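J.: One structure coming up, written as structure tokens, with questions to follow.
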Amino acid sequence: MNFELLTQKQEVIFLELKKLEKLKTKKIVLSDQIEKVEREITDNENQLKELREKLKKLDHFSFINLYRNWTGKQEELRAEKIDKAATIELRLCEAILIKKDFLKDLEAINNELSQKDEQAMLNHYEEITKKKKMWINNHQPSLAEQLSQLETKENNCKKLEKEIEEAEAAGNNAIKALYTAFESLESASTYSTWDTFLGGGMIATHLKYEKLDESESAIHRVQIELQRFKNELLDIQEMSTRHLDVNTDGFVRFADYFFDDIFSAWSVHSKISSSKEQISRVLGDVRNTMNGLAEKKKIVKQELQTVHQTKKDILALAM
Numbered sequence: 001m002n003f004e005l006l007t008q009k010q011e012v013i014f015l016e017l018k019k020l021e022k023l024k025t026k027k028i029v030l031s032d033q034i035e036k037v038e039r040e041i042t043d044n045e046n047q048l049k050e051l052r053e054k055l056k057k058l059d060h061f062s063f064i065n066l067y068r069n070w071t072g073k074q075e076e077l078r079a080e081k082i083d084k085a086a087t088i089e090l091r092l093c094e095a096i097l098i099k100k101d102f103l104k105d106l107e108a109i110n111n112e113l114s115q116k117d118e119q120a121m122l123n124h125y126e127e128i129t130k131k132k133k134m135w136i137n138n139h140q141p142s143l144a145e146q147l148s149q150l151e152t153k154e155n156n157c158k159k160l161e162k163e164i165e166e167a168e169a170a171g172n173n174a175i176k177a178l179y180t181a182f183e184s185l186e187s188a189s190t191y192s193t194w195d196t197f198l199g200g201g202m203i204a205t206h207l208k209y210e211k212l213d214e215s216e217s218a219i220h221r222v223q224i225e226l227q228r229f230k231n232e233l234l235d236i237q238e239m240s241t242r243h244l245d246v247n248t249d250g251f252v253r254f255a256d257y258f259f260d261d262i263f264s265a266w267s268v269h270s271k272i273s274s275s276k277e278q279i280s281r282v283l284g285d286v287r288n289t290m291n292g293l294a295e296k297k298k299i300v301k302q303e304l305q306t307v308h309q310t311k312k313d314i315l316a317l318a319m
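Residues 1 to 319 (full-length UniProt numbering) are what the sequence shown spells out, left to right.
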């Protein structure tokens, strides 16, 4: 078997081993993210429980509650607690959806890992490496070290090229989700304007919240796709993910921002407008990151061409 054919087979195994390594890393990252969102779910559930108890106390007779009823404070307190509880409940629902998506991703990784035989791949890789060494010793022993360095560089370039392509695919999914969310908010904004400023009545209010439900689903999709994009970027050397850090804890949190104080008519209209602006900003950040990926891929391809030509020249001397 000639050297180039051995090299091609070795490259395939090398990339498979690196993919296996990446899957293991992604499994660890996802497991950590699941633990984090589970803590978030528990925290929201505890807050809801506490608010329910406070609402019950407001319904019980006491001279303080009687005084509040006389002064009109009782209903004000009740409305405040209900508004806060509704916001927390929305965040709880979003956290549950995020956990569901993370578990789905983790299941896919575990299924893929179960189909890989790492030891068999390692054995095959070592076997090909020995055959290549024998070939070099028989044909061009003086260039063995140079060929080894070139192949290491070639493998690393191909690995990085593959990772960039996977990140680009995740980035395109994030961009599609951002556009969908923007269009959904645009639609909700129309009904919000009608209801808030033009007195649209019950029908307009119903349609507004129906559109907000659609927006909530679209914003969830944005959140999970951006998180997946960020996870892919973690595999790429020297590629910054800071542009996507919407919150300091590393989570992309459109939902928390959107759900905060969402239940008054003016707040709904204002929140929709500012959420659209935020989506536009993040869309720009994602595109900038995608441009960075494209530039990096271009450099990697140029390096690969140089390595291929150098290897070709060396092997020509050995023939």
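Each residue gets a CB set at the ideal place from its N, CA and C atoms; glycine is no exception. All values derive from a computational prediction rather than experimental measurement.
1. Leaving out the 5 sequence neighbours to the left and right, which residues in its chain are closer than 7 angstroms to residue 303 when beta-carbon positions are compared?
2. Taking 8 angstroms as the limit between beta carbons, can you name the residues of its chain near residue 236, skipping five residues before and five after?
3. Rounding to the nearest angstrom, what Cα-Cα distance links residue 170 and residue 312 in this structure?
4. Of the choices 105, 14, 279, whose alpha-carbon is the least far from that of residue 175?
5. Taking just the CA atoms, how far does residue 85 sit from residue 95?
6. For residue 276, count neighbouring C-beta atoms within 10 Å of its own C-beta (all shown protein chains included) and say buried if the count is 16 or more, exposed if not.
7. For residue 111, does the three-state DSSP call read helix, strand or coil?
8. In three-state terms, what does DSSP make of residue 172?
9. Would you mind stating whether residue 283 and residue 182 have Cβ atoms separated by less than 9 angstroms?
10. Do residue 118 and residue 17 have their CB atoms nearer than 9 angstroms?
11. Buried or exposed for residue 44, going by 16 or more other Cβ atoms inside 10 Å?
12. Let me confirm a value: residue 177 is counted as buried when at least 16 other C-beta atoms fall within 10 Å, else exposed. Which label applies?
13. In this structure, how does DSSP classify residue 152 when only helix, strand and coil are distinguished?
14. As a quick exercise: from 234, 232, 186, pick the residue whose alpha carbon is nearest that of residue 219.
15. Can you tell me which of the three DSSP states residue 234 falls into?
16. Under a Cβ-count criterion, where at least 16 other Cβ atoms within 10 Å of its own Cβ denotes burial, should residue 42 be classed as buried or exposed?
17. What is the rounded straight-line gap between the Cα of residue 29 and the Cα of residue 138?
18. Less than 9 angstroms between the beta carbons of residue 154 and residue 11, yes or no?
19. Using the three-state DSSP reduction, which class does residue 2 fall into: helix, strand or coil?
20. Measuring straight from C-alpha to C-alpha, what distance separates residue 299 and residue 309?
21. Contact defined as beta carbons within less than 8 angstroms: I believe residue 98 pairs with residue 37. What is the distance between those atoms, to the nearest angstrom?
22. For a test of your reading of the model: does the CB of residue 91 fall under 8 angstroms from any non-hydrogen atom of the ligand NAD? Yes or no.
23. Measure from the alpha carbon of residue 230 to the alpha carbon of each residue in 173, 19, 150, 179, then state which is nearest.
24. Go through its chain and collect everything with a Cβ distance to residue 14's Cβ below 6 angstroms, but skip five positions before and after it.
25. For residue 152, count neighbouring C-beta atoms within 10 Å of its own C-beta (all shown protein chains included) and say buried if the count is 16 or more, exposed if not.
26. Using a threshold of 9 angstroms, state whether the C-beta atoms of residue 3 and residue 116 are closer than that.
27. Could you check where the alpha helix (DSSP H) with residue 143 kicks off and where it finishes?
28. By the 10 Å Cβ neighbour count, where 16 or more other Cβ atoms means buried, how is residue 49 classified, buried or exposed?
29. Once DSSP output is grouped into helix, strand and coil, what is the label at residue 117?
30. Output the distance between the C-alpha atoms of residue 289 and residue 107, rounded to the nearest integer angstrom.
31. Measure the C-alpha to C-alpha separation of residue 19 and residue 112 and round it to an integer number of angstroms.
32. Would you mind stating whether residue 81 and residue 51 have Cβ atoms separated by less than 9 angstroms?
33. Hey, would you say residue 314 sits closer than 9 angstroms to residue 122, going by beta carbons?
T.: By the coordinates alone:
1. Excluding sequence neighbours, residue 303 sits near 157.
2. Once the five neighbours on either side are set aside, the close Cβ partners of residue 236 are 160, 163, 164, 167, 293, 296.
3. About 35 angstroms.
4. The alpha carbon of residue 175 has as its nearest neighbour, out of 105, 14, 279, the alpha carbon of 279.
5. Whole-angstrom Cα-Cα distance: 15 angstroms.
6. Residue 276 is buried by the Cβ-count criterion.
7. Look at residue 111 here: in three-state DSSP terms it is helix.
8. Here residue 172 sits in helix by DSSP.
9. In this structure, the beta-carbon distance from residue 283 to residue 182 falls below 9 angstroms.
10. Taking a C-beta distance under 9 angstroms as the contact criterion, residue 118 and residue 17 qualify as a contact pair.
11. Buried, since its Cβ has 16 or more Cβ neighbours within 10 Å.
12. Of the residues assessed, residue 177 falls on the buried side of the cut-off, its CB having 16 or more other CB atoms within 10 angstroms.
13. Reduced to three states, the DSSP call for residue 152 is helix.
14. Out of 234, 232, 186, 186 has the C-alpha closest to the C-alpha of residue 219.
15. Note: residue 234 maps to coil in three-state DSSP.
16. When all chains shown are included, residue 42 counts as exposed.
17. Between residue 29 and residue 138, the C-alpha separation is close to 46 angstroms.
18. Yes; because the gap between Cβ atoms is below 9 angstroms, this pair is in contact.
19. Shown here, residue 2 sits in coil according to DSSP, grouped into three states, outside any helix or strand.
20. For the pair residue 299 and residue 309, the Cα-to-Cα distance works out to about 16 angstroms.
21. Contact between residue 98 and residue 37 is confirmed by a C-beta separation of about 5 angstroms, below the 8 angstroms threshold.
22. Although the ligand NAD was asked about, the structure shown includes no ligands whatsoever.
23. Residue nearest to residue 230 within the set 173, 19, 150, 179 is 173 (criterion: CA-CA distance).
24. Hits under 6 angstroms: 155.
25. Exposed is the label assigned to residue 152, since fewer than 16 other Cβ atoms lie within 10 Å of its Cβ.
26. Not closer than 9 angstroms, so no.
27. Judged by DSSP secondary structure, residue 143 falls outside any alpha helix (DSSP H); it is assigned neither H nor E.
28. The residue in question, residue 49, is exposed, as its Cβ has fewer than 16 Cβ neighbours within 10 Å.
29. Coil, per DSSP.
30. Taking the straight line from one Cα to the other gives about 28 angstroms.
31. One C-alpha to the other measures close to 10 angstroms.
32. Yes, the Cβ-Cβ distance between residue 81 and residue 51 is below 9 angstroms.
33. Going by C-beta atoms, residue 314 is not nearer than 9 angstroms to residue 122.
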